[in-house]
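One point on numbering: in the working numbering, the residue at position 126 of the sequence shown is 124, and numbering is uninterrupted.
Taking it in order: structure first as structure tokens, then the write-up.
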Amino acid sequence: GQSSGNCLVVGTSNRAELAIGYFTKYGDGAADFEPIASLYKQEVRKMASILNIPERIIIKAPSAGLWPGQTDEGEIGLTYDIIDEILYRIDYNLDFKGLNEEDIMRVREMMSAAEHKLNMPPFFDVRKNNL
């Protein structure tokens, strides 16, 4: 931000995390830009492999480190592979044939609940309201 000189905060959220709101508003979601925000988790893993990131890092279970043994997928209740597949079909307007209906509903519910995290908060503009 501006108060820190010529620095910017780089976000690490991927398509799935942003879509389902798996981040803390104004916490780990507070970034000046999100370079991998449009990439599915599978694409992030592929890119990491291409960039020769050590395999142990690529295959490590994603975790916010909130408590010992915590994993993103365990907390979410779905794997990123399932979330990616559902998001892909939503993004490209494809049918959900072969996917679990409960998983689809869960992702849609999380997306709906996360909408507020992806928008600036509303405010009252005194200039536009002649006060």
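Cβ coordinates follow ideal geometry from the N, Cα and C atoms, glycine included.
Here the structure is a predicted model, which means the values were calculated and not measured.
Within the segment 34 to 120, the complete alpha helix (DSSP H) runs of at least 4 residues fall at 39 to 48, 53 to 56, 70 to 74, 78 to 89 and 99 to 112.
Per the DSSP secondary-structure output, residue 8 pairs in a beta bridge with 31. Taking C-beta atoms under 8 Å as the contact rule, residue 38 and residue 74 fail to qualify, at a distance of about 15 Å.
Here residue 13 carries a helix assignment [DSSP, helix/strand/coil]. Sequence-distant partners of residue 69 (beyond 5 residues in either direction) whose C-beta falls short of 6 Å from its own C-beta, in its chain, are 59 and 61.
Between residue 14 and residue 90, the CB-CB gap reaches or exceeds 8 Å. Sixteen is the threshold: when 16 or more other Cβ atoms of the shown chains lie within 10 Å of the Cβ of residue 12, as they do, the residue is buried.
Within its own chain, the residues whose Cβ lies closer than 7 Å to the Cβ of residue 80, once the five positions on either side in sequence are excluded, are 101, listed in chain order.
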